[in-house]
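*Asks:* Residue numbers (the working numbering): -17 to 313.
From the three backbone atoms N, C-alpha and C, an ideal C-beta is built for every residue, glycine too.
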Amino acid sequence: MAKYHIYGIGNALVDKEFEVTDAFFAKAGIEKGQMTLIDQDQQEALLAQLTEEFGLKKRAGGGSAANSIFAAQYLGANTFYTCNVANDETGDFYVKDLTSAGVATNLGANRESGVTGKCMVMITPDAERTMNTYLGITADLNHSHINEAALKDSEYLYIEGYLVSSDSARHAAIECKKIAQANQVKTAMTFSDPAMVQFFKDGLIEMLGDGVDLLFCNEEEALGFTGAENLSAAMVALKQTAKTFAITCGAKGAVLFDGERVIEIAPNEVTAVDSNGAGDNFAGAFLYALTAGHSWEQAGNLASKISAQVVSQFGPRLDAEQYPQLKSEVL
């Protein structure tokens, strides 16, 4: 039996959340609803502007795969997370956030000098999240950060699609996939964001290689990656890339393909206030349920329940005690 249920690799970013208006995006020249990479000077200027106009709502350790790992860990999985943060205050905050949750990690006290990545998460009244990200030292994630022993002793490898934007991080993800496949570790990947599909499709294809066991994406990403005109056609095309997949469809719920059947997952009706982390938590809860021996229907229902709760409150994940409570209502 594997020591870890899930070995994740992804960016390590500290999220800073702000409630903003649509008018702010027009004034600041920011594209709504997507993740945009910015440099350090741009981020510092944006942070000052957001803090002055709106005030900081919440700070939390984030990153797409990290949010998934936190969710799986809080639900009861044993997890390992490979990432890269600097030897600064923000990095200290991130490491403490991981380890206090019980997540094993490659990070220790001997971290490199530099600047830990940060993500400005801007939430509008329609609950849509827009992100401007300075990757900082997480862009330097590379093969040296991989813990091969932990990866080989895992049931699933989970790869974050955002890694495609950094050459060294993309190559590290590809190396992880090779190690996993050579050691009968199942592979899972998320596209992470429509912008990754739009601007880095070739890199995603390189990361996918000969395909993955399980792919996570939302409807917009599925359509964008496949070029299909509708979801049914996109699902047919995705079968060439992934043995199984889970596609989230917002308020319409989700659709799964378990390798044989298409399974529709009903949505959970909530009042949405912040969509940040919803897809990440869906993936984390889904992977937890599969590795705990539950059916695809049960995994989908748990993931839908968890992600719905995430969008009903601020922040990229729930409080630790909320996860087992929601699990008890579904499983």
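1. For residue 212, does the count of other Cβ atoms within 10 angstroms reach 16, so buried, or fall short, so exposed?
2. Just verifying my parser: in three-state terms, what is the DSSP assignment at residue 303?
3. Three or more C-beta pairs under 8 angstroms: does that hold for the stretch 74 to 93 against the stretch 143 to 154?
4. For residue 253, is the classification buried or exposed, using 16 other Cβ atoms within 10 angstroms of its Cβ as the cut-off for buried?
5. How is the alpha helix (DSSP H) around residue 30 delimited, first residue to last?
6. Based on Cα-Cα distance, which residue from 144, 162, 266 lies nearest to residue 338?
7. With a cut-off of 8 angstroms on the beta carbons, I'd call residue 256 and residue 131 a contact; round off their distance for me.
8. Any idea if residue 271 is buried or exposed, counting beta-carbon neighbours within 10 angstroms, 16 or more meaning buried?
9. Pairs of beta-carbons, one from the stretch -16 to -9 and one from the stretch 124 to 144, closer than 8 angstroms: are there three or more?
10. Determine the extent of the beta strand (DSSP E) in which residue 41 is found, giving its start and end residues.
11. For residue 214, is the classification buried or exposed, using 16 other Cβ atoms within 10 angstroms of its Cβ as the cut-off for buried?
12. Quick one, are the C-beta atoms of residue 202 and residue 172 less than 8 angstroms apart?
13. Does residue 139 pass the burial test, meaning 16 or more other C-beta atoms within 10 Å, or should it be called exposed?
14. Does the beta-carbon distance from residue 301 to residue 49 come in below 8 angstroms?
15. Using the beta-carbon count (16 or more within 10 Å), is residue 73 buried or exposed?
16. Could you give the C-beta distance for residue -15 and residue 29, rounded to a whole number, given that I count them as a contact under 8 angstroms?
17. Going along the chain, which residues of its own chain have a beta-carbon closer than 6 angstroms to the beta-carbon of residue 246, five neighbours each way excluded?
18. Does DSSP put residue 61 in a helix, a strand or coil?
19. Should residue 308 be labelled buried (16 or more other beta-carbon atoms within 10 Å of its own) or exposed?
20. Closest to residue 197 by C-alpha separation, out of 221, 206, 106, would be which residue?
21. Here's the rule: buried if 16 or more other CB atoms are within 10 angstroms of the residue's CB, otherwise exposed. What is residue 166?
22. Using the beta-carbon count (16 or more within 10 Å), is residue 9 buried or exposed?
*Replies:* Working from what's here:
1. Residue environment analysis places residue 212 among the exposed positions, since fewer than 16 neighbouring C-beta atoms fall within 10 angstroms of its C-beta.
2. Annotated three-state conformation of residue 303 is coil, per DSSP.
3. No, the stretch 74 to 93 is not in contact with the stretch 143 to 154.
4. Looking at its Cβ environment, which holds fewer than 16 other Cβ atoms inside 10 Å, residue 253 is exposed.
5. For residue 30, the enclosing alpha helix (DSSP H) stretches over residues 22 to 35.
6. The question about residue 338 has no answer here: the residues shown for the chain are numbered -17 through 313.
7. Not confirmed; about 37 angstroms, so no contact.
8. By the 10 Å Cβ count, residue 271 comes out buried.
9. The stretch -16 to -9 vs the stretch 124 to 144: in contact.
10. Start and end: 40 to 44.
11. The residue is exposed, with fewer than 16 neighbouring Cβ atoms inside 10 Å.
12. Not closer than 8 angstroms, so no.
13. Classification for residue 139: buried.
14. The beta carbons of residue 301 and residue 49 sit no closer together than 8 angstroms.
15. Flag for residue 73 reads buried.
16. In fact, because the Cβ distance is near 39 angstroms, the residues do not count as touching under 8 angstroms.
17. Within its own chain, the residues whose Cβ lies closer than 6 angstroms to the Cβ of residue 246, once the five positions on either side in sequence are excluded, are 237, listed in chain order.
18. In the three-state reduction of the DSSP assignment, residue 61 falls in the strand class, which pools E and B.
19. Under a 10 Å Cβ-count criterion, residue 308 is classified as buried, with 16 or more other Cβ atoms of the shown protein chains found around its own Cβ.
20. Nearest option by C-alpha distance: 221.
21. Flag for residue 166 reads exposed.
22. For residue 9, the number of other beta carbons within 10 angstroms of its own is below 16, and it is reported as exposed.
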